[in-house]
Each structure stands twice: as C-alpha cells, then as structure tokens.
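Structure, as structure tokens:
Residue numbers (my numbering): 1 to 300.
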C-alpha cells in the first residue's frame, strides 16, 4: 500500500475471544491469526479478524488483516472455520476473488487490493460478507468455498464505504461509513438490500455508521463518532446509538458517550453489545465490550 496508509506492518497476533456476557471474563477461542497495522502517519490502525458468524453451531470468521498488501506475504484475506478445539481452516479465499472480480467504481486514491472486510452474516447455509473499500457484498458457500457477488454496491451507490450488515424483513439492512472529507455529499445512514441485491435508502443524516441492529422491528444504528467529518482525538466519546422513528423519519439518540466504537450486535433479550474504543486509543489493548439494556420505555 502506498503512503500515507502504507506501508503496512504485519504479524500473527489476531485472535478470536469468547466473552461471558454476565461476568465479562474473556477466553481465547483461536489465536496467532494474521494481523496488520497501517503506518503511524495514518494512525497505526490495526486489522485482524473482523467478524464472526455461526452456521449450525459451527464458528466462521472473516479475516481482514491478511494479504501481501498488508505486509503479510503468502497470506490472503479469507473465510475461516474454527472447530471446538480452536483449529482453524481456511474455507474461502477472498483476496483472490477480489482480484478476479473487480467492482465497477473502485476508489483509486484509497485502494486496498486484499480488501478491508468488515461484516459477516449467516443466512441458512450461506455466509454474506461486506467489503467496504471496494464496495460489495459477497456470498460464500463454506462447504465448497465458492464465492459469488450479491451486489456491487459501488455500481449504483458510488464509494459510500459499506460496513455493517444485519438480516431484516427477508433481506438485509446495510450501514455505511461514508468518506472522511469535508462537505462530502455521500449519504451516510442505513439502506435496505434485497436478497436479489437491490438497494434502497431507508434513512440518512448520520455520521460514520459501523453497526446496525433490529429490535422489536425497530432499526438502531451505531455512529463511530459525531461532530466532525473525520475521526480525531477531539471527538472521542462522541459515538452514539440512534433509533429510527419510522413515523417521522428522524433518528432519536439512545446511547451517548461511546469512544470510537466499531461494531454492535443484539442479544436475544434485547441487550445491545457494542465493541468500544476500537481505534485512536493510547494502546492497542484499550478495547472493550459494553452492553446496553434497551428499556421497555424505549420500545414504545
């Protein structure tokens, strides 16, 4: 990767952890996985395993920090399967798929050959993975390793930087980061994606969406920061969770005070689990999981 993002430095320090939702105790499921770090000029941002999903109690992960372009020769970004003993098996080569199937409108000024994979969702016996840098959602058959494209997001939406994906009403909801440029015209918010790949805007007006969740039919979005067009230390603790008021189309603030969160998921009881302090932190061990119990009053 060229400057200022690159050159990357790579290693094998990524891991998958299990966290007890009641005690917060962490245990390692798999480790020594590919990881990489951007140049100090770009903030030394760390990538590794980006997301996990389950099919019939089998754990799968999407790797985002691997590949030659990330400083790790003889590795690729991929879909991984992890067995109960922590053994890791590659089941699909995402880097090669990207190179063989370019999108319509890549961003040449910020192009990541191996991709910066972000979100992974399981539906039936298939996995759906979101790649923000190229702008696409791809479908993976983990039994065969076959990869196909659900939709080239860049073809109709441009460089919106899609991030988070969640099942919704027979299809998906897709959040997007936008671009870190002043006066950007990229609508940041949530879009509906059909199982055929059709995309429609649900609601915009947000900043840096990195998570989407649905509870009792209502749509929640996680903003990594607010009050600025780019993440800088002066907007730390400005991350929010907002809820869409479908009657008015407005976003209502539910949670404030988050510091550069990177992901959000919903538990079966309605608790939101948020990955907080994901970047621009004093150390790479500052990350935490916070949980937010949605009060019944919030659901009325």
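Ideal placement from N, C-alpha and C gives every residue a C-beta, glycine not left out.
Check                                                                                                                                              : Outcome
Which ranges would you report for the beta strand (DSSP E) in the segment 42 to 114 if only whole runs of at least 3 residues count?               : 49 to 55, 58 to 63, 78 to 82 and 88 to 93
Alpha carbon to alpha carbon, how far is residue 182 from residue 227?                                                                             : 12 Å
Between 69, 88, 64 and 8, which lies nearest to residue 30 when the distance is taken from Cα to Cα?                                               : 88
From residue 190 to residue 173, what does the alpha carbon distance come to, in whole angstroms?                                                  : 6 Å
Mark residue 291 as exposed unless 16 or more other C-beta atoms lie within 10 angstroms of its C-beta, in which case mark it buried.              : exposed
How far does the alpha helix (DSSP H) with residue 154 in it extend, from its first residue to its last?                                           : 153 to 157
Going by alpha carbons, who is nearest to residue 17 out of 32, 4 and 225?                                                                         : 32
Tell me the DSSP secondary structure of residue 234 in three-state form.                                                                           : helix
Note the first and the last residue of the continuous beta strand (DSSP E) segment covering residue 176.                                           : 171 to 176
Spatial neighbours of residue 225 within its chain, please: C-beta separation below 7 Å, excluding the five flanking residues on both sides.       : 207, 208, 231, 235, 238, 239 and 260
On a CA-only basis, which of 193, 194 and 162 is nearest residue 187? Give me that one, please.                                                    : 162
Under 6 Å Cβ to Cβ from residue 201, same chain only, skipping five residues before and after it: list those, please.                              : 191
For residue 185, count the other beta carbons within 10 Å of its own beta carbon; 16 or more makes it buried, fewer makes it exposed. Which is it? : exposed
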